[in-house]
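Every position in the sequence shown, counted from 1, becomes a number in the numbering used here once 47 is added. Cβ coordinates follow ideal geometry from the N, Cα and C atoms, glycine included. Only a predicted model underlies this, so the values are computations on that prediction, with no experimental measurement involved.
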Amino acid sequence: MSQEKNNKKKLLTYYLILGACILLIAAVTVTVVFAVRNNGNSFEIDNGGTTDDGNQDEDGDDEDDDDQPTDDVSSAYEFIAPVSVMDVINDYTFYYNKTLDCYHYHTGLDMAAEAGTEVVACVDGTVESINVGDLLDGTKVVLSHADGVKTSYYFIDAAEGLEVGDTVKRGDVIGTVAEPAGSEYKEGAHLHFEVSKNGETVDPNEYLDISEK
């Protein structure tokens with residue numbers, strides 16, 4: 048009987064040691080994962096050329112280089128409103144389309160504006176496409192920007208001379224609001240504005256500050 052008890056004690060001791068080792072490995076793994084996440088690098092370009100993972104510029108100096116001229120690159124990343132007055136009549140949400148007489152998800156912002164109101168590029172980019180006179184979307188201009196972002200401007204008249212491949216700066220006029228037409232004509236004259244990132248539509252409110260132009 049004593050031999051059997053000794054064997055049970057040895058087996059129990061073995062399992063206790065094994066369990067402690069497993070717990071130790073799990074604790075080390077969790078610590079490493081959190082350390083890696085906390086130290087992950089996230090880069091965002093700003094006016095000073097710094098990144099949000101440190102306090103130095105690319106040249107290794109302190110981030111305040113008052114005596115060093117810097118290029119203003121903010122226009123490539125900071126959005127402005129596409130029309131002078133941000134009168135949003137339909138948001139990025141599920142809504143009732145009066146023209147089509149149905150409910151569906153509204154994938155952009157509708158901004159009421161008189162026909163002829165100038166429409167400007169929200170951010171620096173390149174003209175990717177100009178679709179003229181679509182029965183549902185009217186004329187649509189699509190601009191491509193940095194980091195897989197695109198902006199689309201529906202129910203407009205494209206600016207004269209605007210061509211695919213043109214480079215546009217933030218604030219450049221790309222067209223004017225057209226007369227009511229297409230799938231939202233019962234809303235009256237307005238700009239339908241969309242933003243997509245990597246091929247998926249996203250809420251334009253994440254990029255626009257409605258209080259600013």
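Cβ-Cβ separation, residue j to residue i (assumed contact under 8 angstroms), whole Å
i	j	result
Tyr232	Thr146	6 angstroms
Val170	Glu125	7 angstroms
Ile127	Val166	Contact doesn't hold; Cβ gap of about 12 angstroms is too wide.
Thr173	Gly212	7 angstroms
Lys216	Ser199	About 18 angstroms separates the two Cβ atoms, so there is no contact after all.
Residue i versus residue j: straight-line alpha-carbon distance, rounded
i	j	result
Gly235	Phe141	19 angstroms
Lys197	Lys244	6 angstroms
Asp288	Gly246	The structure shown does not extend to residue 288, since the chain spans only 48 to 260, so no value can be given for it.
Asp177	Val189	According to the sequence provided, residue 177 is Ile. The question's Asp does not apply to it. Looking at the two C-alpha atoms, the distance is approximately 7 angstroms.
Glu210	Glu226	22 angstroms
Asp138	Gly185	19 angstroms
Gly229	Thr214	28 angstroms
Tyr254	Val224	21 angstroms
Ala30	Cys149	This structure does not reach residue 30, given that the chain is present from 48 up to 260, and the question cannot be answered.
Ala162	Asn144	21 angstroms
Asp256	Met133	10 angstroms
Ala205	Asn252	24 angstroms
Ile69	Val135	57 angstroms
Asp99	Ile203	Its pLDDT being 44, under 50, Asp99 is placed unreliably in this model, and the value from its coordinates should be taken loosely. Approximately 38 angstroms, taken between the alpha carbons.
Asp250	Val242	7 angstroms
Closest residue to residue i among the options (Cα-Cα distance)
i	options	result
Ala160	Ser230, Asp138, Val249, Val130	Val130
Tyr201	Leu182, Asp134, Cys149	Leu182
Thr248	Tyr152, Val224, Val135	Tyr152
Ser191	Tyr254, Met133, Ala168, Asn252	Ala168
Gly195	Glu175, Tyr150, Asp204, Cys149	Glu175
Within-8 angstroms CB hit, residue i to chain C
i	result
Cys149	No chain C appears in this structure, which consists of one protein chain only.
Contact between the stretch 144 to 158 and the stretch 238 to 252 (3+ Cβ pairs under 8 angstroms) = yes
Curious, which full-length beta strand (DSSP E) runs of at least 3 residues does the stretch 137 to 170 contain?
-> 141 to 144, 149 to 152, 156 to 159, 165 to 167
Where in the stretch 198 to 257 do unbroken runs of the beta strand (DSSP E), each at least 3 residues long, occur, reported from the N-terminal end onward?
-> 203 to 205, 220 to 224, 237 to 244, 247 to 249
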